[in-house]
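Enquirer: For the sequence shown, counting from 1, position 650 maps to 650 in the UniProt record's numbering; every step adds exactly one.
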Amino acid sequence: MSETSDIIKQKNIKRGYIKATLTRLATFSKQNLSSCSKDELLVKKQRLIEAFSEYEELNQDLLYLNPNDDENIVLVEETYYQTLTCFNQTLNSGNLQEPTAYNTTAQCSQRTKLPAINIGSFNDGYTARAYQLERNQDADPAVEEFLKYLERRALALESVEPSQNAQHTSVDNRASTTKSRPMAATHIVTGAQCSHSRVKIIGRDGTEYHVRALLDSCSQVSFVSSKLVKLLGGKPKSSDLNIIGITNKQSTIKACIPIEIQSLRSPYKTTITCQIVESVTCNLPQNKINLTGIQIPKNVVLADEKFYEPGEINMLISSDVVFQTLLLQTEPIKIELPEQPPSPAQPPSTASGPQSESTSDSTAPAPRRYLSIINTEFGHIVGGNIPCHLAQAASHKVVLKCTLAPLNDTIAQFWNTEKVPEIFSEKSSEQELCEEVFQSTVKLEDNKFQVALPLKLPLSEVNDALGDSFHFAHKRFLNLEKKLHANPALFNQYKEFINEYLQLNHGHYIDIEMYDLNKDAVYFLPHRAVINENSKTTPVRTVFDASMLTNKKISLNDLQLNGPTVQRDLYDIIILFRLGKFTFTTDIRRMFRNINVDPAYTSLQNILWRESPTETLKVIRLDSVTYGLKSSSYLATRCLDELATRYRNDYPLASSIIKENTYVDDIIYSHNDLNTILSAKDQLCNLLKLGSFHTHKWSTNDERILEGIPSTERKFESLNLQKDDYNMKALGLQLNINDDKFIISSPEPFNPEKITKRTILSYIGRIYDPMGYVGPIVVTAKAIMQRLWSSSCSWNDSPPQDVQKEWLQYTERLAKMQPITLARNIDFSDSHTAQLIGFADASSTTGYGCCLYLRLIDASGTKVTTHLLSSKSRINPVQKKNMTVPRLELNAALLLSKLVVKTYATLQLKIEIKNVYLFSDSQVVLAWLKTEITKLQAYVANRVNVIHQNTSRWRWLYVNTHENPADLISRGVQPGELNGNNLWWRGPEFLQNSKWDLSCNEPKIPQEVPEVRSCAVLASAPVCIKPNPLEFADHHFAYQE
């Protein structure tokens, strides 16, 4: 725990330094920049970008280590965007001061305008890092050594880096060019000999197989080819593994199989779980190794006697097994390789021609190369650098990393759900610019929207920025094509989806020759199949990837502006949805694709397609808003909002529904009056038609509302309020339409055979409870997550035994939990008084949290009902040195103040809240709230100040711990114990009492209140010191109280 605290402390100090740098640059940008030189501004702009990138990385690390990190990221981002905008505007204005030029005798009186040379920015942090790793750390660096390193590095980069000015040529043309290019015989590269072994595997029928396995000390998981699986005859198990490789290329593995491997040289055997892939890698080695002059010691028993011959790799064995098989050696076995003679296939280099560039290298002595022989349970394996000629060098295949589902996205979505939604978040400069682009380019003609893609740069500059995307998309398509034709059923569904796309005029075939790939703004989108077995309308759909990097390491998404959030968040929509007797829900069909893209921008939306590998490759240009693009969600929701704005006078009810009750493409609406909701339905259909939007999947709790809706457009099933697609059913929130109740169901059981840090976090990340209805259950999972991050175990390691035991007990009880139901409708039609009641609490062991209730009193004052609205929780910080229980209680009160402000504003749209009462069971916190802020210590004063700003018009009261429902969310409750807990679902008993006396809950101020500043009398002379504004800003921007 102390080690984690030290790491957090170091990263906080580093983040403070980075923020100070950003502040200095922001202060500099507010000066008269026109008096600065262009070079100076470019240097400072580059430093600004680098500093912000470091800041974002530190924030991600700190969020994992301390989920309660209260860094104000929005403020820093806004400062960064404003500063960057200021730099860009000044650089583009052309009003910068010119440097003064001198010659040896006098100042030049005239200047000649030279042609502009566009020099690309250079940032090679990898070279610097590689040099630090390579050089001798025990001695001071020498200039001669450094220059030699740069020469070697430049030659290496030159051989692998594609030319930025290379013409877009076909694969065949490039192959012929390569073959015809003369090459010096002295051009020798080093090929790494991968370590592999022969292993024995017994098939299901008893047949013995000797297969070649690659021993990969960097791989996190093991793999096996599907060809070998068929031979063995085993029964694969389902899997969900997402492999991420070079250029972030992703592929999903759906099956795995346990295989027992045996050594051919020793009694060693073990069982490993292998992920099934079509092919593990290429033949290894890729070329036959010439063993002339190489003597293998006689006492060496090779794991693969023919390691020098190219052969098929059937398995890849991961690092956890590789390191288990290593045996002790008295001394390492190294064999020096003989010098490589010139290849007879290559002509000798001459003093003229292209070869002359490399003749200077031929005189340099070749570095020594060795074969390393390592003893393992499988026998001795061979590795090292084998010299081979460039003419024989083949492609290199690398496996980088693997993750169970996109785990980072899953965990980020989990924490985003747990946050208190912001009310009126200010738009950043990028979002404002995106909004300006939309307003100036949007068109609504013939009931059809047309929009432009919001780009960060003019369309004429896109080609230079993007580079070549065709070859990357082509490679991705060939992989997709192979996968589709291996599954005829999937191929037919995918083909139907593409054909439907074309039939609906959402795209059309074009001739690729119409593009000038060296000048036009063109981008090719890779695409893949997403299977949703639960969907009856689109079980298979196509997803496009605008994040694919081109040869210039940039994607189409990188060039698009990020628009602001247009719609209300799901929290607001569910709160409003509960306040109405009659309901309907519906879905806008193909919302994105019903919006056209300006033809000037559709050249950035091309896909490759053909129905058979024997056909010529075709290009389809997509003419509508395409999911997968960074701006698509903004454009679609912004068009809906624009439609509602333009026709708000003609269709007031429908306009309000689109603005207040729509979540992405789902419309969720309720009202107490049947006639009003019938009118709203008709208005909504008519208004959406004016934008060529059509609804389907209608559902309601009263069949009269769906009169006039065709049966084919109705849906009487549960409504899943979780928009994200997950492969595993998880603890989530659903709405049962027929019973008009929310349902929180238990997830599928956790597999105890795969208990690692990765599987636990993946399971937790799928918990979906946006309203906090089962907050006391979720807080336990959060606490386990924090303990996992604090432990030293890696992603694929098993956590400590105490964590494992707690986790397995938790998931076992969770799987046995009966479904929890909660009435959707909060009937306030007969209510005379509505009150919003909030509770806050903290525990020293787990965390702190808050919960909100709506208390309704009828006109007679005798009938009282209470309803749980929402809850939020946080886990206690890892660093507990100065985190006392009163401070934790104060943080709970702060969290409650934010949640109550948000909820109060939403409720006021439908119901008038007469009173708000907020409760805490900490007399110290209540005393702090009544103390003058200037008398409190900084930590307490800062939080009390925010609470005052949020809740100054409302009353804070005291509640006994045993009557505080927030105590449940601060400590956690076992899954099976929450369903019948009246304290949680209804609040304390005194809320049910119509004669509740507030005086019983008035706080009693303790005589001694901690963290109050002590007063001292000092005799001093008054001195006025004017602080340096820059130092003052740096200090307060860089460090937090």
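Where a beta carbon is used, it is the ideal one built from N, C-alpha and C, also for glycine.
Thinking C-beta only, is Asn-594 closer than 8 Å to Tyr-523?
Expert: no
Enquirer: Can you tell me where the beta strand (DSSP E) with Ala-452 in it begins and where it stops?
Expert: That residue, Ala-452, is in no beta strand (DSSP E); it is neither H nor E in DSSP.
Enquirer: In its own chain, which residues sit with a C-beta less than 6 Å from the C-beta of Arg-476, not counting the 5 before and 5 after it?
Expert: In chain order, Pro-526 place their CB closer than 6 Å to the CB of Arg-476, counting only its own chain and leaving out the 5 sequence neighbours on each side.
Enquirer: Provide the residue(s) that pair with Tyr-853 in DSSP beta bridges, ordered along the chain.
Expert: In DSSP, Tyr-853 forms a bridge with Ile-837 and Leu-868.
Enquirer: Which residues does DSSP list as the beta-bridge partners of Trp-698?
Expert: The partner list for Trp-698 (beta bridge, DSSP) reads Arg-714.
Enquirer: Near Pro-819, what residues of its chain come up, given a Cβ to Cβ distance below 8 Å and the 5 sequence neighbours on each side ignored?
Expert: Only Ile-743, Ile-744, Ser-745 and Ser-746 meet the Cβ criterion.
Enquirer: How would you call Ala-143, buried or exposed, if buried means at least 16 neighbouring beta carbons within 10 angstroms?
Expert: The residue asked about is misnamed: residue 143 is Val in this sequence, not Ala. Classification of Val-143: exposed, given that the 10 Å Cβ count is below 16.
Enquirer: Got a sec: is the Cβ-Cβ distance from Gly-849 to anything in chain C below 8 Å?
Expert: No chain C appears in this structure, which consists of one protein chain only.
Enquirer: Can you say whether Val-946 is buried or exposed, counting buried as having 16 or more other CB atoms within 10 angstroms of its CB?
Expert: exposed
Enquirer: At the level of alpha carbons, what is the spacing between Pro-208 and Pro-258?
Expert: Here residue 208 is Glu; the residue named in the question, Pro, does not match the sequence. Whole-angstrom Cα-Cα distance: 16 Å.
Enquirer: Provide the residue span of the beta strand (DSSP E) that contains Glu-208, from first to last.
Expert: 208-215
Enquirer: Apply the 10 Å Cβ neighbour rule to Pro-752 and answer buried if 16 or more other Cβ atoms are within range, or exposed otherwise.
Expert: exposed
Enquirer: In the DSSP assignment, the alpha helix (DSSP H) including Gln-818 goes from what residue to what residue?
Expert: It is not in any alpha helix (DSSP H) - Gln-818 carries neither H nor E in the DSSP assignment.
Enquirer: Under 8 Å by Cβ, that's how I've got Leu-75 and Asp-69 pegged, so tell me the actual separation to the nearest angstrom.
Expert: Actually they are not in contact, since the Cβ atoms of Leu-75 and Asp-69 sit about 14 Å apart, beyond 8 Å.
Enquirer: What three-state label does DSSP hand Ala-255 in the structure shown?
Expert: strand
Enquirer: Is it the case that the Cβ atoms of Leu-854 and His-867 are separated by a distance below 8 Å?
Expert: A Cβ-Cβ contact shorter than 8 Å links Leu-854 with His-867.
Enquirer: Answer yes or no: do Gly-383 and Ser-195 have a C-beta to C-beta separation smaller than 8 Å?
Expert: Taking 8 Å as the Cβ cut-off, Gly-383 and Ser-195 qualify as a contacting pair.
Enquirer: Here's the rule: buried if 16 or more other CB atoms are within 10 angstroms of the residue's CB, otherwise exposed. What is Pro-965?
Expert: buried
Enquirer: Which residues share a DSSP beta bridge with Tyr-663?
Expert: Asp-666
Enquirer: Which of helix, strand or coil does DSSP assign to Cys-274?
Expert: Residue state, collapsed to three classes: strand.
Enquirer: Mapping DSSP to helix, strand and coil, what is Gln-262?
Expert: strand
Enquirer: Per DSSP, Tyr-773 forms a beta bridge with which residues?
Expert: Beta-bridge pairing links Tyr-773 to no other residue.
Enquirer: Is Ser-263 a contact residue of the ligand NAD, with contact defined as CB to any heavy atom under 7 Å?
Expert: By its list of ligands, the structure shown contains no ligand whatsoever, and the ligand NAD lies outside what it can speak to.
Enquirer: The beta strand (DSSP E) that contains Leu-228, what's its start and end?
Expert: Per DSSP, Leu-228 belongs to no beta strand (DSSP E); it is in the alpha helix (DSSP H), 226-232.
Enquirer: For my contact list, Leu-231 and Gln-275 are in at a C-beta cut-off of 8 Å; report their separation, rounded to the angstrom.
Expert: Actually they are not in contact, since the Cβ atoms of Leu-231 and Gln-275 sit about 17 Å apart, beyond 8 Å.
Enquirer: Hey, Tyr-917 and Ile-837: beta-carbon distance below 8 Å or not?
Expert: yes
Enquirer: Just list the residues that DSSP pairs Lys-269 with in beta bridges.
Expert: Gln-262
Enquirer: Assuming Glu-430 and Asn-596 form a contact by the criterion Cβ under 8 Å, report the distance between their Cβ atoms to the nearest whole angstrom.
Expert: About 24 Å; that fails the 8 Å criterion.
Enquirer: So the candidates are Asn-12, Gln-10, Leu-41 and Ile-13; which of them puts its Cα closest to the Cα of Leu-25?
Expert: Leu-41
Enquirer: Please name the residue in Asn-479, Asn-796 and Glu-513 whose C-alpha comes closest to that of Thr-252.
Expert: When each option's Cα is compared against that of Thr-252, the closest is Asn-479.
Enquirer: DSSP on Asp-858, reduced to helix/strand/coil?
Expert: Looking at Asp-858 - three-state DSSP - the assignment turns out to be strand.
Enquirer: According to DSSP, simplified to helix, strand and coil, what is Thr-186?
Expert: Confidence is the limiting factor: at Thr-186 the pLDDT is only 33, short of 50, which leaves the residue's position unreliable, though a coordinate-based value still follows. Coil at Thr-186, not helix or strand.
Enquirer: Reducing DSSP to helix, strand and coil, say where Thr-376 ends up.
Expert: strand
Enquirer: Helix, strand or coil: how does DSSP classify Thr-585 here?
Expert: DSSP, reduced to helix, strand and coil, places Thr-585 within a strand of the structure shown.
Enquirer: Around the C-beta of Gln-355, are 16 or more other C-beta atoms found within 10 angstroms, so that it is buried, or is it exposed?
Expert: Confidence is the limiting factor: at Gln-355 the pLDDT is only 39, short of 50, which leaves the residue's position unreliable, though a coordinate-based value still follows. With 16 or more other Cβ atoms within 10 Å, it is buried.
Enquirer: Can you look up Gln-560 in the DSSP assignment and give me helix, strand or coil?
Expert: strand
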